[in-house]
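In terms of the numbering used here, the sequence shown opens at residue 6 and continues consecutively.
Ideal Cβ positions, reconstructed from N, Cα and C, are used throughout, including at glycine.
No experiment lies behind these values; they were computed from the predicted model shown.
In what follows, a single structure is set out as structure tokens and then discussed.
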Amino acid sequence: MRKRTALPGLCGLAALLTAAILGYALYNIAEEVTNPQAVDRAPRIFPDYSDTVIPPNIAPLNFVVKEPGEKYDVRIEAPNATALHISSRSPAVVIPAAKWRGLLEANRGGRLTFGVSVKGQDGRWRSFEPIVNRIAHEEIDRFLVYRVLPKFNRTYADISLRQRDLQSFDESVLLHSKSFNNGCMNCHAFSGNSPSLMVMHVRSPGGGMLLIRDGTVTKVDTRTGFNPTPAKYISLHPSGKLAAFSETKLVQFFHAVGEWVDVFDVQSDLGLYLFDTNTVTTTPDICKPDRQETYPSWSPDGRYLYYCSAPDLPADRWRQVRYDLMRIAYDVETGTWGKPETVLSADQTGLSITLPRISPDGRFIVFCMSEYGNWPVCQVSADLYLMDLTTGKYGPLDINSDQSESWHCWSSNSRWIVFSSRRYDATLAKPYFSYIDETGKAFKPLLLPQKDPTFYESFLKTYNLPELITEPFPLTQRDLLRALRSGPVLKAKLDPKVEPRAAPRKDTGYEPAGIE
6 MRKRTALPGL CGLAALLTAA ILGYALYNIA EEVTNPQAVD RAPRIFPDYS
56 DTVIPPNIAP LNFVVKEPGE KYDVRIEAPN ATALHISSRS PAVVIPAAKW
106 RGLLEANRGG RLTFGVSVKG QDGRWRSFEP IVNRIAHEEI DRFLVYRVLP
156 KFNRTYADIS LRQRDLQSFD ESVLLHSKSF NNGCMNCHAF SGNSPSLMVM
206 HVRSPGGGML LIRDGTVTKV DTRTGFNPTP AKYISLHPSG KLAAFSETKL
256 VQFFHAVGEW VDVFDVQSDL GLYLFDTNTV TTTPDICKPD RQETYPSWSP
306 DGRYLYYCSA PDLPADRWRQ VRYDLMRIAY DVETGTWGKP ETVLSADQTG
356 LSITLPRISP DGRFIVFCMS EYGNWPVCQV SADLYLMDLT TGKYGPLDIN
406 SDQSESWHCW SSNSRWIVFS SRRYDATLAK PYFSYIDETG KAFKPLLLPQ
456 KDPTFYESFL KTYNLPELIT EPFPLTQRDL LRALRSGPVL KAKLDPKVEP
506 RAAPRKDTGY EPAGIE
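Dropping the structure here:
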């Protein structure tokens, strides 16, 4: 018995010793950087974590030194903390998490430098100019929720909704399409960056809108005589009493050359779903027969519903469709509406305006503009713009690239945005963060850090609709599946004041799944 119990212990000890030896050989090879040759430029690294502003609560910015060599020496320094010193035979720089957190916390508002030296095969060291960043005073919301899907996914298979802890590398799956017959989950939305109130649309047999309120999940069939298709592109009112949604019919089509896919909005109107009365209502001003209204977004004070509106054109004129940015007043206590106002017109810009998102402090609005249409993620021309709502002045953010930027979201303190960008490889969208100061200036974007700095070289999926929240999502996948599979369905009622459509469009159940 003793021999049988001792043997695994010896094997385990041997494994630990082997790991320790390998670790020592790989990392603990520190040698003095002697007589280095000065290089008058910063080193090439990936991700490009340089000359930007970083959150004081972000996970370690692990990176790969893209300079040839056989040994690498990295010093991470800030004025009010002990420097981090990493030596390695590998160009992959993995930063100790606990020491990193202490360094950032002690240096909020200060400079952070990466000093990189590389020893070449000739035995000589080269020292590069330091990489300099600034640590912000303001934190970013700790959790990020997003969809992950294959790039060329034309079915609902292999779509997942995930949550990432931005202070660490912990990621969890909130819901996966394989768990409910390869269905699709999309249009997830939170109220005020809090997971205590959330909605998510699920397309599958037995699907519907999942309404999460204070830990309770309710499955709602939002279809009525006004909206024969389920609610999409949902925005939750700050009061927590209702949600604005778009009743949209999309057509996806592909190109033989150029940008590979486009999306056309066949018909789209806006409505409200009132939680306590389980009622769908609207006003004729946001469901005009000669207009397409989409992408609702409430102002933080709940007084205005911002949205996008375009003339109803036939499908063969899809390149001529351009959306205006609109808003309409709404009184949540009385249910009364104001009249539509044009915030910014496509005639003024010559571009199509989509995806409006207002900062929680009410000062700025960020939106997309692209050459045409309502699906900027598919267009290279899509850029992010910021408007100062106190002056009406607007302009492109300095963080744009030559690829598509879209699906942006504000942090709860109005100092950070996260957005999806295809700048990495022109194919797969990835989440980037940017600091927005009090004047609306945006700073160089920061790619979502990963524990393995080579992660993005082999991760061949795209990130979609990143949303920042302040606390972790309170439910498990089992909770959501229970509501989907066996929970009661709450059938929405149509407001008696709203007339049903004379000839409702047939709901074919089709919605493009592979689009982002």
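request  = Pick helix, strand or coil for L31, following the three-state DSSP scheme.
outcome  = Residue placement at L31 is flagged as unreliable, the pLDDT there being 41, under the threshold of 50; a coordinate-derived value is accordingly withheld.
task = Could you say which of V222, D366, E37, G197 lies nearest to H90 if we only look at CA atoms?
result = E37
inquiry  = Within 8 Å, do at least three Cβ pairs link the stretch 331-338 to the stretch 390-400?
reply    = no
Contact the stretch 70-77 vs the stretch 443-456: 3+ CB pairs below 8 Å = no
request  = Using only alpha-carbon positions, find the residue among R487, T396, Q272 that is nearest to K293.
outcome  = Q272
task = Please confirm whether T359 and C313 have their CB atoms less than 8 Å apart.
result = Yes. Within cutoff.
key: Residue nearest to P52 in terms of C-alpha spacing, selected from I136, S122, T87   = I136
query = Does DSSP put L453 in a helix, a strand or coil?
reply = coil
message = Classify R169: buried if its beta carbon has 16 or more other beta carbons within 10 angstroms, exposed otherwise.
response = buried
ask   = Hey, out of A111, E144, C383, whose CA is closest to V266's CA?
value = Of the candidates A111, E144, C383, the one whose C-alpha sits nearest the C-alpha of V266 is C383.
message = Taking 7 Å as the limit between beta carbons, can you name the residues of its chain near L486, skipping five residues before and five after?
response = S184, F185
request  = Quick one: residues in its chain with C-beta nearer than 8 Å to the C-beta of K398, no 5 flanking neighbours on either side, listed in chain order?
outcome  = M392
ask   = Is DSSP giving W323 helix, strand or coil here?
value = helix
request  = Rounded to whole angstroms, what's the CA-CA distance from D146 to E504? Just pull it up for me.
outcome  = 42 Å
query = Which term fits V348, buried or exposed, when burial requires 16 or more other beta carbons within 10 angstroms of its beta carbon?
reply = buried
inquiry  = I'd like to know whether the C-beta atoms of G115 and N138 end up nearer to each other than 8 Å.
reply    = no
inquiry  = Let's test the definition: count the other Cβ atoms within 10 Å of the Cβ of N40 and tell me whether it reaches 16, buried, or not, exposed.
reply    = exposed
query = Cβ of L171 within 8 Å of Cβ of F195?
reply = No, the Cβ-Cβ distance between L171 and F195 is not below 8 Å.
ask   = Buried or exposed: Q353, going by 16 or more other Cβ atoms within 10 Å of its Cβ?
value = exposed
Helix, strand or coil at C383 [DSSP, three-state] = helix
request  = Could you tell me the boundaries of the alpha helix (DSSP H) in which Q482 lies?
outcome  = 482-490
message = Quick check on DSSP: helix, strand or coil for D442?
response = coil
key: Extent of the continuous alpha helix (DSSP H) run through G397   = Note, G397: premise wrong, no alpha helix (DSSP H); not H, not E.
query = Taking G120 as the reference, which of L330, S439, A83 has the closest Cα?
reply = A83
request  = Give the DSSP-derived three-state secondary structure of F185 in the structure shown.
outcome  = Here F185 sits in helix by DSSP.
query = When DSSP builds the beta bridges, which residues end up paired with H206?
reply = In DSSP, H206 forms a bridge with N191, M214.
ask   = When the Cα atoms are used, what is the spatial distance from R510 to E252?
value = Note on R510: pLDDT 47, under 50, position unreliable in the model; no value is reported.
task = Check whether the stretch 206-213 touches the stretch 90-106, counting contact only when three or more Cβ pairs, one atom from each stretch, lie closer than 8 Å.
result = no
message = Check this for me: beta carbons of P301 and S240, under 8 Å apart or not?
response = Yes, Cβ-Cβ distance for P301 and S240 is below 8 Å.
inquiry  = Looking only at its chain, what residues have a beta carbon closer than 8 Å to the beta carbon of K498, apart from the 5 residues adjacent to it on each side?
reply    = For K498, where only same-chain residues beyond five positions count, the Cβ hits under 8 Å are T229, T282, N283, T284, V285.
At least three beta-carbon pairs within less than 8 Å, the stretch 426-435 to the stretch 407-415 = yes
key: Stretch pair the stretch 480-494 + the stretch 422-432: three plus CB contacts closer than 8 Å   = The count of Cβ pairs closer than 8 Å, one atom from the stretch 480-494 and one from the stretch 422-432, stays below three, leaving the stretches out of contact.
inquiry  = Looking at S132: is its Cβ nearer than 8 Å to the Cβ of R152?
reply    = Contact check for S132 against R152 fails: the beta carbons are separated by 8 Å or more.
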